[in-house]
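Step one of this worksheet: look at the structure below.
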Amino acid sequence: MSQIDPSQIVTRFAPSPTGYLHVGGARTALFNWLLARNTGGRFLLRIEDTDIARSTEDATRQLVDDLKWLGLEWDNAELVYQSRRLDIYNKIIDGLMSRGLAYEAWETQTEMEALRKSAERARRPFLYKRTNYTADQLAQFKAEGRKSVVRFVMPVKEYSFRDVVLDKDITQPANESQDFVIRKSDGMPTYHFGVVIDDEEMGVTHVLRGLEHLKNTFNHIALQEALGYRRPTYAHLSVMLNPETGEKLSKRDRDRRIRKRVQEVMRSTKRPAPDIAAAAQMELPRFEHWLATETVQLDLTEQPKVMAVVGLTEGDLPEIMIHDFRRNGYTPEVLLNFLALQGWSAGGDDEKFTIPELIKRFTVDRINASNPKFNREKLRSFSTDFFAAASPERLLSALRDYLRVNPESSLNRGTDEQLATILRVGHGFHTLRDMDEKARFLLIPDAEIRYAPDAVAKILLKNDGEGTKALAGVRGLLASATDFTGHALEAAVKSYCEEKQLGLGKVAQPIRVAVCGTAVSPPIFECMEFIGKPSVLARIDRALTIAAAS
RNA sequence: GGCCCCAUCGUCUAGCUGGCCUAGGACACGUCCCUUUCACGGACGCGACAUGGGUUCGAAUCCCAUUGGGGUCACCA
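So the mapping is simple: the working numbering equals the position in the first sequence, first residue as 1, plus 10.
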């Protein structure tokens, strides 16, 4: 083997545009990007849109947006779309056919299915065998309007390649060679074909991809040999698993979470299905079908409605797409750091890295072969630490980004200065969503404060309205305060409590409920300063009215 | 089911050219401290080499088997 000049390393990420970027795809992209950046090589992006039915332009845009958001910039100025390269593929396929290395096959998908079924019944593995059609058959197929596919004549021999993650040679015996499809009946190349041609033409030297492609590699090698192409270095990455199911992380996991919650709610509240379906504005048969069928998923309009009915929020669902993480208030540097640790480690005890550190320390030989379970708790902890250490500028830009994808948040009303204050007062949060949920009352009109019934009951009404009395008592003090800063308010309320022989909590908690609507908030005196005296008094009056009416 | 891959605390992992390991770190969890709430923070603690055989003076580290988990068997990538 010749020594590869590291500066010549070319990697690529080649997603198929079927939706937002999946977290597993993001990790694959990250590893390829890291390898290129670590060695001063190039990282390329190619769109594998050969599945016409599933690929959309929207999806391509979302994919590109997610990659940009992550900061995984690619080095090809022009994106490569496979769908625009049909001429190139067809020319090569014609060449293969003229050399007798590829041929047309006429079996329909139903016929293929039947063949597979019978092989299964006979309990032997199915391998496609070339059939010789008579002239009559061919004429009949064409008369029927059948469309042929093109299959590659895969030489029957043992194939072997070295996988640098597994650090071993992977071999496929000769009797598993099979003439696989390289051009589909719609004229598009298959993945196997496009990937081989494009990797060669783009000069890709290193292919880091998911483990699900391990066996495909033999097909690719056979094609490379037939075409006289170079063989890139292969590295197959482990599969990230859902910690609850132990299966591959899947978009379906979110749906599963909702279904589980619906079932819990139905069991505990004895609320019947028709009732929930109606509340979610869904047809009952559709709702029941979904409820009973794992493989059926709610669509994007149904999902939020059902969630609202059973009291689930965005933050309760497992994030699967990069966009989910963005919406839930994670930053790219945290996500990337964490993703790098799913299957890779720097060795030793270090695990918190900036992006430049990641680039510097990344090597392929430290990638692990076993499948990690995706542990969101730890990601959350990384996020907490990141926000605790971030500069005010980074905090604000992260929050602005979060708000762009969460337009319904009340914090969108804030000025930069206000948001900076909120960020400072509310420090110690895990994610921006967490911060948003805790601090959103700061930027909504007094009349729109919603008083949480359990907080009102526990803090204001309990013990014969003890809290309400305390609130009414301290109102005068607040109304007459001349200095409405957090410090001054705290000092004033503290001395008030001493004077009245009350614990601080006995007074502070009722104020909190009155001002925030909940029993939980950032430090209350600073919140009061932020909101200002008129609003604080208005909110207290409103709370007193509500308490009196309860 | 066939073929392939993998196997250290609940989780992510360090360690794997055998002795520095009565196995290290982080998350989670538990106790305590801080505290006007929730968090944050601090201290301490709990906790693993899947099993069975080898090889060796000596194995988490090497070999084999078993078990378990995962992947794959498309005109989807």
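C-beta: ideal position from N, C-alpha, C; glycine also.
According to the DSSP assignment, glutamine 72 belongs to no beta strand (DSSP E) but to the alpha helix (DSSP H) extending over 67-80. The beta carbons of histidine 216 and proline 183 sit no closer together than 8 Å. In this chain, the alpha helix (DSSP H) harbouring leucine 433 covers 426-435.
Per DSSP, aspartate 173 is not a residue of any alpha helix (DSSP H); the beta strand (DSSP E) it occupies stretches across 169-173. Where arginine 219 is concerned, the enclosing beta strand (DSSP E) starts and stops at 216-220. With respect to the 8 Å criterion, glycine 496 and glutamate 427 are not classified as neighbours on the basis of their beta carbons. Glutamine 18 is positioned such that its CB atom lies closer than 8 Å to that of glycine 51.
Shown here, alanine 290 sits in coil according to DSSP, grouped into three states, outside any helix or strand.
When secondary structure is reduced to three states using DSSP, histidine 440 falls in the coil class, being assigned neither helix nor strand. Assignment of tryptophan 354 by DSSP, reduced to helix, strand and coil, places it in the strand class.
The DSSP-derived three-state label of leucine 487 is helix.
With respect to leucine 137, glutamine 188 sits close: the two C-beta atoms are nearer than 8 Å.
Distance from the CA of leucine 82 to the CA of arginine 336, rounded to the nearest whole angstrom, comes to 15 Å. Check the Cα spacing between phenylalanine 53 and each of Asn42, Thr60 and Ala63: the tightest is with Asn42. It is roughly 7 Å from the alpha-carbon of cysteine 537 to the alpha-carbon of leucine 452.
DSSP places lysine 225 in the coil class of the three-state scheme, outside both helix and strand.
When secondary structure is reduced to three states using DSSP, threonine 120 falls in the helix class.
Under the DSSP assignment, threonine 243 falls in the beta strand (DSSP E) whose first and last residues are 243-247. In the DSSP assignment, alanine 529 falls outside any beta strand (DSSP E), carrying neither H nor E. Residue burial is scored here from C-beta neighbours: leucine 514 has fewer than 16 other C-beta atoms within 10 angstroms and is therefore classed as exposed. The bridge partners DSSP lists for proline 199 are Arg193. With contacts defined as CB atoms closer than 8 Å, isoleucine 369 and asparagine 48 qualify as a contacting pair. Contact annotation: arginine 161 and isoleucine 180 have beta-carbon atoms that are not nearer than 8 Å. Checking the DSSP bridge columns, you'll see leucine 54 partnered with Arg22. A distance of 8 Å or more separates the beta carbons of valine 530 and valine 503.
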